[in-house]
Amino acid sequence: MRLPKINPDKPDIQQVQAQEMIDYAYAHGVNYYDTAWPYHQGLSETFIGKALKKYPRDSFHLVSKMPGWEAKKPEDASYIFERQLEKCQVEYFDFYLAHAMNADRLVQYKESGVFDVLLQKKKEGKIRHLGFSFHDKPEVLKKIVDLGFWEFGQIQLNYLDWTMQRAKEQYDILQAAGLPVVVMEPVRGGALHTLCPQAIELLKKAEPDASPASWAIRFAASLPGVMTVLSGMTTLEQVQDNVRTMENFKPLTDDEKKLLEQVVEIYQQSKTVPCTGCRYCMDCPAGVDIPLMFSIYNQYQLNEDKQAFVKAYTEAGESKQAQHCVACRACVPKCPQSIDIPERMADVKKLAERLMPKE
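So this is what it looks like as structure tokens:
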């Protein structure tokens, strides 16, 4: 849940604007609200609990996740879960997930008793539907699915990652297991909205009034077995755009799918970093704002606007810039996209050295 913030550098949520977004979404039929323990450094669950309190509890689905990496023993997991209920001001979660599952966490969640705790909470009626979110290879996903107690799975799926990050293979595994699919990162952290001019021109020619983001949402929502498509929104305009897309939903045609394949070909010609801006890599010990640096770098790779790069890089502030990366690699194991962050940060540094004015 990427809510609007008071200050881009701090987790505090812009309460009035965010409440307006929730109210608009609810009024227009949105009934699935996804949050998690670490979002907005712990403030997201508190906000969503407050924001939805005025609505009948049975009129929406509330979703949160177990940060099993913080649970060393069953008591830790139980404490976190009960605290989440308190923060969200509810007595149960409609959907609840083991958060960010991968090969290492599969072992960790087993050994620390997290799975046992979640199954017990389900027996108690505090979890209506138990699932997991996933960031790893399809081979690992199969092992997780084979545990056999899941009711749904959440994977990163969009038309770019369909083959690039083997999302199709992951989708097929969930389909074969009969598990409903929850889609995360359908717009890839905004990357499929801020495409290069050539790609945007292709989409606009086909659908002049449709946003690039709407194409990405439609790709995910057109797939059989998809239960819901998550979208991290920071403005009311983004909520309105998504509502328009889903209120008048049209599955992609074969011709439109071929058009998106052309967009992928164009995108792959760029040197962009596959960062979604999730910020799981932060905080950087050296002070680098990793997602911001990659965002600025990616925008230049897509539009080659030197003036915009210089402006954005300068406004980021000297202390957050790429040159401060010391390649300590503390960030690397935290990245769900498996990006070699120091290696790609070196690319940002080289670009800045070439484009920034010499003093």
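Letter by letter, the sequence shown follows residues 1 to 359 of full-length UniProt numbering. In this text, a Cβ means the ideal position worked out from N, Cα and C, and glycines have one as well. Just so we're clear, the structure is a prediction, and the values are computed from it rather than from any experiment.
Among the options, whose alpha-carbon lies nearest the alpha-carbon of residue i?
i, options, result
"residue 190", "11, 213, 164", "213"
"residue 143", "101, 119, 75, 78", "101"
"residue 26", "89, 88, 242", "242"
"residue 155", "169, 134, 148", "134"
"residue 196", "48, 268, 315", "268"
"residue 225", "351, 218, 180", "180"
"residue 246", "85, 256, 231", "231"
"residue 236", "114, 35, 7, 23", "23"
"residue 219", "282, 173, 167, 240", "167"
"residue 94", "21, 65, 229", "65"
"residue 137", "164, 297, 352, 158", "164"
"residue 207", "172, 239, 255", "255"
"residue 325", "288, 262, 43", "288"
"residue 348", "147, 86, 238, 297", "297"
"residue 244", "30, 2, 18", "30"
"residue 215", "320, 174, 258", "258"
"residue 170", "193, 145, 192, 217", "145"
"residue 203", "11, 70, 263, 20", "263"
"residue 91", "105, 339, 57", "57"
"residue 158", "184, 210, 174, 172", "184"
"residue 21", "59, 229, 240, 217", "240"
"residue 194", "299, 273, 317", "299"
"residue 72", "112, 35, 62", "112"
Using 7 Å as the threshold, is the C-beta distance between residue i and residue j below it?
i, j, result
"residue 38", "residue 234", "no"
"residue 294", "residue 275", "yes"
"residue 97", "residue 132", "yes"
"residue 114", "residue 77", "yes"
"residue 301", "residue 334", "no"
"residue 84", "residue 124", "no"
"residue 109", "residue 68", "yes"
"residue 251", "residue 222", "yes"
"residue 285", "residue 330", "yes"
"residue 176", "residue 140", "no"
"residue 13", "residue 40", "yes"
"residue 81", "residue 121", "yes"
"residue 48", "residue 33", "yes"
"residue 308", "residue 345", "no"
"residue 395", "residue 198", "No answer is possible for residue 395: it lies beyond the span of the chain, which begins at 1 and ends at 359."
Along the chain, where does the beta strand (DSSP E) containing residue i start, and where does it finish?
i, result
"residue 296", "Where residue 296 is concerned, there is no enclosing beta strand (DSSP E), although the alpha helix (DSSP H) it sits in stretches over 290-303."
"residue 128", "127-134"
"residue 149", "Residue 149 -> no beta strand (DSSP E), and no H or E assigned at all."
"residue 21", "From DSSP, residue 21 is part of no beta strand (DSSP E) but of the alpha helix (DSSP H) over 15-27."
Under 7 Å between C-beta atoms, does residue i make it to chain C?
i, result
"residue 215", "Absence of chain C from the displayed structure is noted, only one protein chain being present."
Start and end of the alpha helix (DSSP H) containing residue i?
i, result
"residue 118", "114-123"
"residue 383", "Residue 383 lies beyond the stretch modelled for the chain, which goes from 1 to 359, so this question has no answer here."
"residue 310", "306-316"
To which residues of the same chain is residue i closer than 6 Å at the C-beta, ignoring the five residues directly before and after it?
i, result
"residue 53", "89"
"residue 117", "74, 77, 78"
"residue 162", "168"
"residue 18", "3, 4"
"residue 319", "287"
In chain order, what residues of the same chain have a beta carbon less than 7 Å from the beta carbon of residue i, not counting five sequence neighbours either side?
i, result
"residue 367", "Residue 367 lies beyond the stretch modelled for the chain, which goes from 1 to 359, so this question has no answer here."
"residue 327", "342"
"residue 119", "149"
"residue 336", "100, 135, 278, 280"
"residue 227", "152, 180, 181, 182"
"residue 340", "332"
"residue 273", "294, 297, 298, 339, 344"
In chain order, what residues of the same chain lie with their CB nearer than 8 Å to the CB of residue i, ignoring the 5 residues before and after it?
i, result
"residue 200", "212"
"residue 129", "94, 95, 96, 151, 152"
"residue 43", "11, 12, 13"
Output the residue ranges of the alpha helix (DSSP H) runs that lie fully inside the stretch 192-278 and measure 4 residues or longer, sorted by chain position. Runs of the alpha helix (DSSP H) inside the stretch 192-278: 197-206, 212-221, 236-247, 254-268.
Every unbroken beta strand (DSSP E) within the stretch 30-116, with a cutoff of 3 residues, ordered by chain: 32-34, 61-66, 93-101
For a minimum of 4 consecutive residues, which ranges assigned as the alpha helix (DSSP H) are wholly contained in the stretch 162-186? 167-176
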